[in-house]
Amino acid sequence: MGSTSLHFADSVRAVSRAARGFGLMVPVIRTASAVGGPRGADPADRTIRRVEGHVPVIAIRVAGRPSAAVQSDLIDGFLVANTPTHGAPGPPMSRADEQRFRRVCWAALERDGLLVARVTDHLPVGRRDPAASPRALAA
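Quick note on my numbering: the sequence shown kicks off at 425 and runs consecutively.
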């Protein structure tokens with residue numbers, strides 16, 4: 425299933441609630457039909473722009489992409505925006521906290537009926553993230 429603007433907006437709200445509950449900054453999120461990239465190159469699926477003194481802006485290409493890929497970029501965008509190099513206060517998140525945040529986000533998307541499939545469902549078994557398994561999300 426491809427991602428739609430309405431589905432994307434609902435996903436942004438779900439992940440934003442999860443981020444606030446996790447104590448993270450909520451960046452500006454926008455859709456883009458073709459993001460960045462030099463002329464003639466394939467467009468980027470996700471970009472982040474930071475201007476000193478402002479909240480980071482994340483642009484995610486929605487058109488023509490599976491919902492799970494868009495949702496994965498959305499979650500990763502929140503993590504990138506909340507790193508000190510992108511203006512977030514404090515020390516960087518630990519890998520364990522990043523994984524916990526991803527689980528909380530996937531659970532929020534699932535709870536809100538927005539989870540179609542996860543990107544990891546399509547990876548070879550050896551490449552899957554055990555923290556993102558349905559069993560781990562239910563815990």
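Think of the CB as a built atom: it goes at the ideal place given N, C-alpha and C, for glycine as much as any other residue. Fair warning: this is a prediction, and the values are worked out from it, not measured in the lab.
Please report the straight-line C-alpha distance between serine 496 and methionine 449, rounded to a whole angstrom. As a working note, residue 496 is residue 72 in the sequence shown. As a working note, residue 449 is residue 25 in the sequence shown. The alpha-carbon atoms of serine 496 and methionine 449 are separated by roughly 18 Å.
At the level of alpha carbons, what is the spacing between valine 439 and leucine 498? Reading the sequence shown from its first residue, position 15 is the one you call residue 439. Reading the sequence shown from its first residue, position 74 is the one you call residue 498. The alpha-carbon atoms of valine 439 and leucine 498 are separated by roughly 8 Å.
Would you give the residue range spanned by the beta strand (DSSP E) that alanine 483 belongs to? Within the sequence shown, the letter at position 59 stands for residue 483. It spans 481-485 - the beta strand (DSSP E) in which alanine 483 sits, taken as one unbroken run.
Have a look at arginine 489 and phenylalanine 432 and give me their C-alpha separation to the nearest angstrom. Position 65 of the sequence shown, counted from the first residue, corresponds to residue 489. Position 8 of the sequence shown, counted from the first residue, corresponds to residue 432. So the alpha carbons of these two residues sit roughly 11 Å apart.
Coarse secondary structure for valine 528, derived from DSSP in three states: As a position in the sequence shown, residue 528 is number 104, starting the count at 1. Shown here, valine 528 sits in a helix according to DSSP, grouped into three states.
Alpha-carbon spacing of arginine 441 relative to arginine 524, whole angstroms: One-based indexing of the sequence shown puts residue 441 at position 17. One-based indexing of the sequence shown puts residue 524 at position 100. Their Cα atoms are separated by approximately 15 Å.
Do valine 481 and proline 451 count as a contact pair if the criterion is CB distance below 8 Å? The residue given as residue 451 occupies position 27 in the sequence shown. The residue given as residue 481 occupies position 57 in the sequence shown. The answer is yes: Cβ separation under 8 Å.
Measuring straight from C-alpha to C-alpha, what distance separates alanine 443 and arginine 519? Your numbering for residue 443 matches position 19 in the sequence shown. Your numbering for residue 519 matches position 95 in the sequence shown. In this model, alanine 443 and arginine 519 are separated by some 16 Å (Cα to Cα).
Exposure label - leucine 503; buried when at least 16 CB within 10 Å: Stepping through the sequence shown from its first residue, residue 503 is reached at position 79. Under this definition leucine 503 is a buried residue.
Report the three-state DSSP secondary structure of arginine 470 (helix, strand or coil). Mapped onto the sequence shown, residue 470 falls at position 46. Looking at arginine 470 - three-state DSSP - the assignment turns out to be strand.
Please state whether DSSP places arginine 454 in a helix, a strand or coil. Numbered from 1 along the sequence shown, position 30 holds the residue referred to as residue 454. In the displayed model, arginine 454 falls within a strand according to three-state DSSP.
Among residues of its own chain, excluding the 5 on either side of valine 540, which ones have a beta-carbon nearer than 8 Å to its beta-carbon? Residue mapping note: residue 540 aligns to position 116 of the sequence shown, counting from 1. Cβ neighbours of valine 540 beyond the five flanking positions: Met425, Pro490, Ser491, Ala492.
Who are the near neighbours of phenylalanine 446 in its chain, counting only those whose CB is closer than 7 Å to its CB and skipping five residues on each side? By 1-based counting over the sequence shown, the position of residue 446 is 22. Correct list, in chain order: Phe525, Val528.
With DSSP collapsed to three states, give me the class of aspartate 521. Reading the sequence shown from its first residue, position 97 is the one you call residue 521. Looking at aspartate 521 - three-state DSSP - the assignment turns out to be helix.
For proline 490, three-class secondary structure by DSSP: Along the sequence shown, read from residue 1 onward, the residue named residue 490 stands at position 66. Strand.
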